[in-house]
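Data block below; observations after.
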Amino acid sequence: MPADEAIIQLIQAGRAQEAFERLVPAYRRRIFGLAYSILRDRGAAEDLAQEVFVKLWQALPRYDGRARLSTWIYAITRNAAISALRVRRHSVSLSEPAVLEEVEGVVAAPGPTGDDATLRRQVEALPERQRQAITLYYLDERSVDEVAEMMGIPVNTVKTHLHRARANLGAALGVAGKEFA
Amino acid sequence: MSDGEARFDERMRGIFAGVDTSRDFDLRVMQHVAALGTAPGGDLRAQFERRRERALRKFRREAWSNAVTITGIGAAAMVVVWHNAPAIVQWAQSGETATVPGLVAGAAIAALTGGLWNLLRGRSAF
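Protein chains in written order, with the numbering used here: chain A, 40 to 220; chain B, 86 to 211.
This is the structure:
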């Protein structure tokens, strides 16, 4: 990716501030998307993305170029998101208002209505990896290769998750099930 | 791609439409990092400096304590040699070996000199 090369050159030249200024717009959407695919909540994903950028700010001079910049950034994001998810799961019980609010927010999020709302609920009901793969794939129309890199798993595994997710969604939606199963 | 798949893709894109960061996201990131008040990696550099300072203090303490110990040993050895000089000379002249008193005194002087030298060097370094 050309943007990555420019960012890496700036880091290697010791110009981490400029590198960071380029990195934010280049990775904002991807970091947010990855966080959203794991946390399933727009607000939480945005907060986490902010946190990840602060981590990147602190760690940028340490980037040694051994892994691809994107791979390194996705790994930091995944770890942060999984930690946040763990903390959230441990710190709230299902009866708490925050959880109810979150669930209602997911179900009644603005935008999709009618059939789309049903589809959204079906997506939410998918197994975690399938839901994550399909979210990343459709959120920004990313390639399977990029989804694999973001999730940190092999391309073929992503293809399997996507295929199964489509099959599950198709089956759950009745008519569509015949089209994709 | 079949029509069904195309429709499915369209619907899937639809349910994620509008899922995005707020408009001032980049600005808030910059405000966050500006609030840290350091250059990128500044925290790491500060951490490194703190560790380096701690290590230096530890080495200085150890050098001081080593110097004091060596000086003490040297001084004690000198006192022993000084107080027992006649006995040592007598023992040496008994024919066992003529070099022993010289060696003992030499070792004591060396220890004392080494300790003092370390002590003075350490003090000038602080």
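Note that beta-carbon positions come from the ideal geometry of N, C-alpha and C, so glycine has one too.
Check residue i in the structure and name its three-state DSSP category.
{"i": "E276/A", "result": "Residue 276/A cannot be examined here, being either before or after the span of chain A that is shown, 40 to 220."}
{"i": "L108/A", "result": "helix"}
{"i": "R108/B", "result": "coil"}
{"i": "D43/A", "result": "helix"}
{"i": "E75/A", "result": "According to the sequence displayed, residue 75/A carries Tyr and not Glu. Reduced to three states, the DSSP call for Y75/A is helix."}
{"i": "A102/B", "result": "coil"}
{"i": "A164/A", "result": "coil"}
{"i": "F219/A", "result": "Low local confidence applies: a pLDDT of 39 at F219/A is under 50, so the model's placement there is unreliable, with the coordinate-based value given in what follows. Three-state result, F219/A: helix."}
{"i": "R137/B", "result": "helix"}
{"i": "R54/A", "result": "coil"}
{"i": "V142/A", "result": "Here the model assigns V142/A a pLDDT of 47, short of 50, so the residue's position is not dependable, and the following value carries that caveat. DSSP places V142/A in helix when its eight states are reduced to three."}
{"i": "L212/A", "result": "coil"}
{"i": "Y102/A", "result": "coil"}
{"i": "N169/B", "result": "coil"}
{"i": "G122/B", "result": "coil"}
{"i": "D80/A", "result": "coil"}
{"i": "S150/B", "result": "helix"}
{"i": "S179/B", "result": "coil"}
Thinking residue i and residue j are a contact (beta carbons under 8 Å), I'd like their distance in whole angstroms, please.
{"i": "A162/B", "j": "A192/B", "result": "7 Å"}
{"i": "F92/A", "j": "A84/A", "result": "F92/A to A84/A, Cβ: 13 Å. No contact."}
{"i": "L73/A", "j": "T116/A", "result": "5 Å"}
{"i": "I46/A", "j": "L95/A", "result": "Incorrect: roughly 11 Å between the Cβ atoms, too far for contact."}
{"i": "L158/A", "j": "A119/A", "result": "Not confirmed; about 29 Å, so no contact."}
{"i": "I173/B", "j": "V166/B", "result": "7 Å"}
{"i": "S76/A", "j": "L208/A", "result": "With 8 Å as the limit, S76/A and L208/A do not qualify as a contact, their Cβ atoms being about 16 Å apart."}
{"i": "L204/B", "j": "T156/B", "result": "6 Å"}
{"i": "Y177/A", "j": "F101/B", "result": "5 Å"}
{"i": "V186/A", "j": "A206/A", "result": "With 8 Å as the limit, V186/A and A206/A do not qualify as a contact, their Cβ atoms being about 17 Å apart."}
{"i": "R168/A", "j": "H202/A", "result": "That belief does not hold up - the Cβ atoms of R168/A and H202/A are roughly 12 Å apart, past 8 Å."}
With a 10 Å radius around its C-beta and 16 neighbouring C-beta atoms as the bar for buried, classify residue i as buried or exposed.
{"i": "R81/A", "result": "buried"}
{"i": "H168/B", "result": "exposed"}
{"i": "T154/B", "result": "exposed"}
{"i": "I50/A", "result": "buried"}
{"i": "W202/B", "result": "exposed"}
{"i": "H129/A", "result": "exposed"}
{"i": "F59/A", "result": "buried"}
{"i": "R69/A", "result": "buried"}
{"i": "L197/B", "result": "buried"}
{"i": "A91/B", "result": "exposed"}
{"i": "G200/B", "result": "buried"}
{"i": "L139/A", "result": "Only weak support is given to the placement of L139/A: the predicted model assigns it a pLDDT of 48, under 50, and the value that follows is read from those uncertain coordinates. Its Cβ having fewer than 16 others within 10 Å, L139/A is exposed."}
{"i": "E188/A", "result": "buried"}
{"i": "R6/A", "result": "The requested residue 6/A is not part of the displayed model; chain A covers only 40 to 220."}
{"i": "S87/B", "result": "exposed"}
{"i": "Q161/A", "result": "buried"}
State yes or no: is the C-beta of residue i nearer than 7 Å to some heavy atom of the ligand NAP?
{"i": "E44/A", "result": "Of the ligands one can find in the structure shown there are none, so the ligand NAP has no counterpart to examine."}
* Of the residues that make up the region 176-188 of chain A, which ones have a beta carbon closer than 9 Å to any beta carbon in chain B? -> Listed by position along the chain: Y176, Y177, L178, D179 and E180.
* Asked: Going along the chain, which residues of the region 75-93 of chain A sit with their C-beta nearer than 7 Å to a C-beta in chain B?
  -> Per Cβ criterion, the list reads Y75, R81, E85, A88, Q89, F92 and V93.
* To do: Scan the region 92-112 of chain B for residues whose Cβ lies nearer than 7 Å to a Cβ of chain A and list them as they occur along the chain.
  => Cβ contacts with chain A: F93, R96, M97, R98, G99, I100, F101, A102, G103, V104, T106, S107, F110 and D111.
* Please name the residues in the region 93-106 of chain A whose beta-carbon is closer than 9 Å to at least one beta-carbon of chain B, in chain order. => Of all residues in the region 93-106 of chain A, V93, L95, W96, Q97, A98, L99, P100 and R101 have a Cβ within less than 9 Å of some Cβ in chain B.
* the region 156-173 of chain A: positions lying closer than 8 Å to chain B by Cβ -> For the region 156-173 of chain A, the set of positions with a beta-carbon nearer than 8 Å to some beta-carbon of chain B reads L158, R159, V162 and I173 in chain order.
* **Under 7 Å (Cβ pairs) to chain B, residues found in the region 41-68 of chain A** => So the close ones are A55, Q56, F59, V63, P64 and R67.
* Could you pull out every unbroken alpha helix (DSSP H) segment of at least 4 residues lying fully inside the region 183-207 of chain A, listed in chain order? => Listed in chain order, they are 183-190.
* What residues in the region 152-164 of chain B have a beta carbon less than 7 Å from any beta carbon of chain A? -> Hits within the stretch: zero.
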